[in-house]
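Novice: Using our numbering, the first residue of the sequence shown is number 7, and each one after it goes up by one. Handing you a structure now.
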Amino acid sequence: MKLQNYTVNVHIKTRRLLGNMFGCVVVGVGVAGKVRIRDLLTPLASSAAEIFTLKGLVSRRMLEEVQGVRQMPLEEALTRSDVQVAFICTENTSHEDYIRQFLEAGKHVCVEYPMALSYNVAAELMDQAQRKGLILHEEHIELFTPAFKQLKKDVAGKQLEEGSLHFTGGPLKSGFGFLTFSGIPRLTWLVELFGELSFKAATMDEQPEKKHSKMTVQLLTKDQKPVTWTEERAEGLSRGKHIHLRFSTCTMTELPVGVQEPVGLFMQDTVLFGSKLQGSVPPEQLQTEMSRILHCFKLAEEIRRHCQDTKA
Ligand code: NAD
């Protein structure tokens, strides 16, 4: 697909607005949406998060006001000229539809991961944004966690022999899609740490009566080193990540704690999105990020197809 060699030329509209504020709406007022509203009302001082002015929120429920922010109909958000940006914080199954509508209306979009539930749709949406000269930003706050930042430093320069990442958490809420898509942050971690991966095998174990699902995926690095990704969800299972990384020189069995930062994870993401709108993120960085996002979607899709085809 042509987006594999994605060319970044998304500064057309952003340059025109450089130095201006961007009116925005938050769509979907769940856990993530409420944090976005809070952060947009109190942006990090002297950062690119300050370029946003929150004009309202969009919800399928009748909420009227949340944190003093007025609800507005979707149609109004799509047509108002002082709304240039949408933060989409709804459940995963609805992301595609909202993104299409806001891009079609000429608005920049920040969407909570995953932007879509298939590779083709993600590629199409990125293509749509590119054609319209708009930013389509996919949130990946798990890349901002202190543990991941430290792990990335610790792994740098080491030769991986074999690795595993096992994620556990409570049952998925409905509307969050297949495990590879709701779990794309873990895949993103692995790709950020070890480069592009190829799919080798996967198994899926589901016990609906216990709300238990466990997917175990065998991946290979470019050097053909095995990496196992396990995504396990069940009632009462606490949220956590367990690693086992064997390098030529040492073995890591625990995630590093990292350095706690004063800026929240969603705020860091808003700053990154704001920097993209200001045109201050280098094109090479945008290119690398988009290639990584598409690579993860491609893998997620391949694993899902395999699991569904081999389902008894
Ligand atoms: P959520 O279940 O809290 O909200 C999801 C949707 O359900 C929202 O549109 C919300 O408006 C709606 N909703 C929530 N409560 C409702 C209610 N009582 N009645 C009717 N509708 C209701 O989910 P979330 O955790 O906010 O996740 C939203 C998106 O953010 C997802 O794409 C998720 O992957 C992403 N995300 C969440 C977090 C997090 O920490 N929660 C972190 C990163 C990304």
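Note that beta-carbon positions come from the ideal geometry of N, C-alpha and C, so glycine has one too. Note that the coordinates shown come from a computational prediction; the quantities given were computed from them, not determined experimentally.
If the criterion is Cβ atoms closer than 7 Å, does the pair leucine 63 and valine 72 meet it?
Specialist: yes
Novice: Identify which residue in Ala54, Glu167, Leu292, Ala55 has its Cα closest to the Cα of threonine 255.
Specialist: Glu167
Novice: Cβ-heavy atom distance between valine 35 and the ligand NAD below 6 Å?
Specialist: yes
Novice: With a floor of 3 residues, list each beta strand (DSSP E) that falls wholly inside the stretch 174-216, ordered by position along the chain.
Specialist: The qualifying runs are 204-213.
Novice: Looking only at its chain, what residues have a beta carbon closer than 6 Å to the beta carbon of proline 152, apart from the 5 residues adjacent to it on each side?
Specialist: Gly264, Val265, Gln266
Novice: Regarding arginine 67 and the ligand NAD, is the C-beta to nearest heavy atom distance less than 6 Å?
Specialist: yes
Novice: Give a yes or no on whether the C-beta atoms belonging to phenylalanine 28 and glutamine 77 are separated by under 7 Å.
Specialist: At a Cβ-Cβ threshold of 7 Å, phenylalanine 28 and glutamine 77 do not count as neighbours.
Novice: So, is glutamate 110 buried or exposed, given that buried needs 16 or more other C-beta atoms within 10 angstroms?
Specialist: So glutamate 110 ends up on the exposed side.
Novice: Kindly indicate the opening and closing residues of the beta strand (DSSP E) around isoleucine 319.
Specialist: Nothing about residue 319 can be reported from this structure: the residues present for the chain run from 7 to 318 only.
Novice: How many whole angstroms separate the CB atoms of alanine 306 and phenylalanine 154, which I take to be in contact at a CB cut-off of 8 Å?
Specialist: About 19 Å separates the two Cβ atoms, so there is no contact after all.
Novice: Check the DSSP bridge columns for isoleucine 28 and list the partner residues they point to.
Specialist: For the record, residue 28 in the displayed sequence is phenylalanine; it is not isoleucine. For phenylalanine 28, which the question treats as bridged, DSSP gives the partners Phe58.
Novice: Would phenylalanine 58 and leucine 46 be called neighbours here (beta carbons separated by less than 7 Å)?
Specialist: Yes; because the gap between Cβ atoms is below 7 Å, this pair is in contact.
Novice: According to DSSP, is leucine 271 helix, strand or coil?
Specialist: Look at leucine 271 here: in three-state DSSP terms it is helix.
Novice: Suppose you measure from the CA of histidine 146 to the CA of lysine 61; what does that come to, to the nearest Å?
Specialist: Roughly 24 Å separates the two Cα atoms.
Novice: Would you say phenylalanine 108 and alanine 129 are within 7 Å of each other, going by their C-beta atoms?
Specialist: no
Novice: Secondary structure at glutamate 237, three-state DSSP: helix, strand or coil?
Specialist: strand
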